[in-house]
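Those protein sequence lines, which keep their order, are chains A and B.
Take 1 as the starting number for the first sequence in full-length UniProt numbering and just add one per residue.
Take 1 as the starting number for the second sequence in full-length UniProt numbering and just add one per residue.
Idealized CB from N, CA, C, for every residue including glycine.
The structure displayed is predicted, hence computed values, not measured ones.
The structure appears right after this line, and notes come after that.
There are 2 protein chains.
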Amino acid sequence: MNATPRWLNPEQQAAWDGFIRMQEKLIGRLSRRVQADSRMSPADYIVLAKLTEAGGRMRFMDLTKLVEWEKSRMSHQVARMAKRGLVAKEECPDDGRGAFIVATPAGREAIEEAAPVHVEHVRRLFIDALTQEELDSLARISNRVLAHLEKQPD
Amino acid sequence: MNATPRWLNPEQQAAWDGFIRMQEKLIGRLSRRVQADSRMSPADYIVLAKLTEAGGRMRFMDLTKLVEWEKSRMSHQVARMAKRGLVAKEECPDDGRGAFIVATPAGREAIEEAAPVHVEHVRRLFIDALTQEELDSLARISNRVLAHLEKQPD
DNA sequence: TACGAGTGGTTGATGCGTCAACCACGGCCG
DNA sequence: CGGCCGTGGTTGACGCATCAACCACTCGTA
């Protein structure tokens, strides 16, 4: 409804387009490689990584908050992972509603195998593209955007 | 199988983590907002934008290459959009296999309505978080990564 | 003790993205 | 003319993400 919607200027447009393109290609490539090499999706990877980092046994909601997901996403994810034997669900004696998520031996093995592959790809596709200053600069920019997002509605 | 898999150093780790977090939150927020405001997914948006930019009528494969997608993705996407009346498929007289994708009036209207909303959200969530130097810096970094990716196998 | 609000977690529908297989046609070369 | 390869495009199955609705249990309070 606005007649003059303040389009982006060329520099802003370039920054946004470049960022979007880069992020799509990078994330796409990385997740396809990790998936092909280790039979794990990025979602599997992060869940298993955080879970084992934290000792391999966690309350469902704690895990969900740790990876900053919505509970329904985690519920579906855990269900798929349980079906494939990467994690198991246990009842919580203290709280009748609650559940523990436990990394199975197969899960631990999977993440230990996948982690070095993952980091190698991150290095090869991303880290190696940039100097340390560029990395620092990107880290600073990312944090600025994140901080900005937290202040912003939605 | 490698005993010492060269983990990332703290600065590298910080850069990667920050980037990933930022990119997830930013893209997630943006696409949810655009979807909520205009009933279009990011995929709908980009397809319709590129298509109308190019005159509103294009060969399927040309469109696919323009947005740098795989053909199967585009095929599914176009099918969904056609079902919702945003685009239409037409046969190609010159090439019996071929198809034209055409933006319908409803499609044109939808993108014209969505575009200002989209750019406002980009501005609010992203552009406004950063200075012009930071934007330039990010553009440069993005292009470095993109160039690096093209040289890299896969 | 009963009830209502909040928390923990699941479920089902729907859309999106990828992969692999497939079909249909065009163009080239014998 | 005939076969074959490449291109254009579709299809189906599957995993993933979101939304909204829902169930089950706990806890504070009257």
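Distance between beta carbons of residue j and residue i, contact taken as under 8 angstroms
i: B/V34; j: B/H121; result: 6 angstroms
i: residue 157 of chain B; j: A/L8; result: It is not possible to answer for residue 157 of chain B, since the shown part of chain B is limited to 1 through 154.
i: A/L135; j: B/A15; result: 4 angstroms
i: B/E133; j: A/Q132; result: Contact flag wrong, Cβ pair sits at about 19 angstroms.
i: B/E91; j: B/V102; result: Incorrect: roughly 11 angstroms between the Cβ atoms, too far for contact.
i: A/A110; j: A/M58; result: No, A/A110 and A/M58 are not in contact; Cβ-Cβ is about 17 angstroms, not under 8 angstroms.
i: A/Q152; j: B/L26; result: Not quite, the Cβ-Cβ distance comes to about 10 angstroms (not below 8 angstroms), so this is no contact.
i: B/R29; j: A/D154; result: 6 angstroms
i: A/R144; j: B/R6; result: About 29 angstroms separates the two Cβ atoms, so there is no contact after all.
Minimum Cβ-Cβ distance from residue i to chain A less than 9 angstroms
i: B/A147; result: yes
i: B/E11; result: yes
i: B/D128; result: yes
i: B/V122; result: yes
i: B/L125; result: yes
i: B/N2; result: Bear in mind that the predicted position of B/N2 carries a pLDDT of just 48, short of 50, making it too unreliable to give a figure here.
i: B/S75; result: no
i: B/R144; result: yes
Boundaries (first-last residue) of the beta strand (DSSP E) holding residue i
i: A/I127; result: Segment: none, A/I127 is in no beta strand (DSSP E) and carries neither H nor E.
i: B/A54; result: Looking at the DSSP string, B/A54 is not in any beta strand (DSSP E), and its letter there is neither H nor E.
i: A/V102; result: A99 to A103
Cβ shell of residue i (< 6 angstroms), same chain only, five flanking positions each side left out
i: B/K50; result: L66 and V67
i: A/S38; result: A114 and V117
i: A/K71; result: T64
i: B/A54; result: none
i: A/E112; result: none
Residue i: first and last residue of the uninterrupted alpha helix (DSSP H) it sits in
i: A/R84; result: Note, A/R84: premise wrong, no alpha helix (DSSP H); not H, not E.
i: B/S38; result: P10 to S38
i: A/D62; result: F60 to L66
is_contact[residue i, chain B] using C-beta, thresh 9 angstroms
i: A/L138; result: yes
i: A/I101; result: no
i: residue 155 of chain A; result: Past the edges of chain A, shown from 1 to 154, lies residue 155 of chain A, and the structure says nothing about it.
i: A/I27; result: yes
i: A/L66; result: no
i: A/R108; result: no
i: A/Q23; result: yes
i: A/F19; result: yes
i: A/L48; result: no
i: A/S41; result: no
i: A/S31; result: no
Residues near residue i by beta carbon distance below 8 angstroms, same chain, minus five either side
i: A/M81; result: D44, V47, L48, V87 and G107
i: A/S142; result: none
i: residue 165 of chain B; result: In the structure displayed, chain B extends from 1 to 154; residue 165 of chain B sits before or after that span and is not available.
i: B/R84; result: none
i: B/I127; result: L135
Neighbour list for residue i in chain A, Cβ cutoff strictly below 7 angstroms
i: B/Q132; result: E11
i: B/S72; result: The premise fails here: B/S72 is roughly 14 angstroms from chain A at the closest Cβ pair, so nothing lies under 7 angstroms.
i: B/L135; result: E11, Q12 and A15
Proximal residues of chain B, C-beta to C-beta of residue i below 7 angstroms
i: A/A14; result: A139
Spatial neighbours of residue i in its chain, beta-carbon cut-off 7 angstroms, leaving aside the 5 residues before and after
i: A/E24; result: none
i: B/A129; result: none
i: B/N2; result: Note that B/N2 scores a pLDDT of 48, beneath 50, so its modelled location is shaky; the value from the coordinates is reported in the next line. Excluding positions up to five away in sequence, the list is empty.
i: A/Q77; result: A43 and V47
i: B/S137; result: none
i: A/T104; result: G85, L86, V87 and A88
Where residue i meets chain A, residues with beta-carbon distance less than 8 angstroms
i: B/W7; result: V119
i: B/S38; result: Neighbours of B/S38 on chain A: none; closest Cβ ~12 angstroms, over 8 angstroms.
Under 8 angstroms from the C-beta of residue i: neighbouring residues of chain B
i: A/R84; result: Correct list: empty, because the minimum Cβ distance to chain B is about 23 angstroms.
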